[in-house]
Amino acid sequence: MNARQVIRILEDNGFEFEREGKGSHVIYRKGTITVTVPIHGKKELKLKTLNAILKQAGLK
2 MNARQVIRIL EDNGFEFERE GKGSHVIYRK GTITVTVPIH GKKELKLKTL NAILKQAGLK
């Protein structure tokens with residue numbers, strides 16, 4: 002799963018774009034929950050990174 006797919010899942014679950022972080026990262030927020038997603042082109046996210054993002058978002 003690449004970053005664009007993760008961002009689509011976050012947006013479908015009510016997260017909104019907050020800002021671009023340093024480098025190639027974007028930050029999404031839903032209430033008090035903040036999630037940082039690394040964007041590196043069309044490269045697949047590592048499984049551990051993907052699981053951490055979903056856990057932070059409360060989706061896993």
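No gaps in the numbering here: position 23 of the sequence shown is 24 in the numbering used here, and each next residue is one more.
Ideal Cβ positions, reconstructed from N, Cα and C, are used throughout, including at glycine.
Residue i, buried or exposed, once every other Cβ within 10 Å from all chains shown has been counted against 16
i	result
Leu46	buried
Phe16	buried
Cβ-based neighbour list, residue i, same chain, cut-off 8 Å, excluding 5 preceding and 5 following
i	result
Leu51	Met2 and Val7
6 Å CB neighbourhood of residue i in its chain, flanking five on each side removed
i	result
Leu55	Lys61
Whole-Å CB distance - residue i paired with residue j, under 8 Å assumed
i	j	result
Leu11	Ala58	6 Å
Residue span of the alpha helix (DSSP H) that contains residue i, given as start and end
i	result
Glu12	Ala4 to Asp13
Own chain partners of residue i with C-beta closer than 7 Å, once the 5 adjacent residues on each side are dropped
i	result
Thr37	Gly22, His26 and Ile28
The beta strand (DSSP E) enclosing residue i, as first and last residue numbers
i	result
Ile28	His26 to Lys31
Ile1	In the structure as shown, the chain begins at 2 and stops at 61. Residue 1 is therefore absent and cannot be evaluated.
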